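Participant: Here it is: the structure, laid out below.
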Amino acid sequence: MMNALIRMGSFLIVISIMSCTKYEKTFYDSGKLKEKYEVNEGGKKNGKYYRYFENGVVAEETIYIDNEQNGIRKIFFEDGNLEYTATYVNGLLHGPRKVYYPSGKLRVDSNYKDNKLIGPFYKYHENGKLAEEVTFVDGNENGPFIEYYDNGVVKWKGQYLNGDHEFGLLEHFDVNGKLIKKMQCDSLGVCTTIWKEEENITKG
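And the structure:
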């Protein structure tokens, strides 16, 4: 008898939730479905959200709670391949974010906290080799960075200070890994060449 009552209670809860859930849809001028999402009694997005390309392929899927994105958001290319995936908490980027090439290869691997980039940031060439690595602090580049050619050889090496401003020693290499230039950068990101390979001289 108790099990029957529990089952009945669960059934009533499901019915109650379903009765509070409404679905909204928007359409292209052609009549094709553009968006489909759940709303609560107040008319706010609350539940699964889908956006479609006009060809019917899913363009975006995410979850809303009281009109704010929460959980995993996915963006797709028109052929259905994944372009972007990110984690949201209360409408803000908070957690892993990855971006992909149309081929499916990873393009960007990063992390967010309260809508700001934090920690290691990696960018890749489409052949899979690393293109750039840098560290973010509170949304700004800070610390050492390295940029690479698509053959894996280091192209630039230096460090950032409080954003996209090179600071200190900045080194430039050719595609074979040979050092061809050294620069010294001040706190405003203004860089002065102090050595060039072809001149083979060092400026004081």
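Following our numbering, the numbering of the sequence shown begins with 5 at its first residue and continues without gaps.
Don't be surprised by glycine CBs; every beta carbon is placed ideally from N, CA and C.
What you are looking at is a predicted structure, and each value in this text was computed from that prediction instead of being measured.
1. Quick one: what does DSSP say F140 is sitting in, helix, strand or coil?
2. Determine which residues share a DSSP beta bridge with T30 and list them.
3. Hey, E87 and R77: beta-carbon distance below 9 Å or not?
4. From G99 to Y126, what does the alpha carbon distance come to, in whole angstroms?
5. What span of residues does the beta strand (DSSP E) with V112 cover, start to end?
6. Less than 8 Å between the CB atoms is what I'm expecting for N74 and K49, so what's the real figure, rounded?
7. How long is the line joining the alpha carbons of Y27 and F57, rounded to whole angstroms?
8. Given a threshold of 16 other Cβ atoms within 10 Å of its Cβ, counted over all protein chains shown, does S191 qualify as buried or as exposed?
9. Quick check on F15: does DSSP put it in helix, strand or coil?
Facilitator: Here's the rundown:
1. strand
2. E39
3. no
4. 15 Å
5. L110 to K117
6. That belief does not hold up - the Cβ atoms of N74 and K49 are roughly 11 Å apart, past 8 Å.
7. 19 Å
8. exposed
9. At F15 the pLDDT is 42, less than 50, meaning the model places this residue with poor confidence; the figure from the coordinates comes in the next sentence. Helix.
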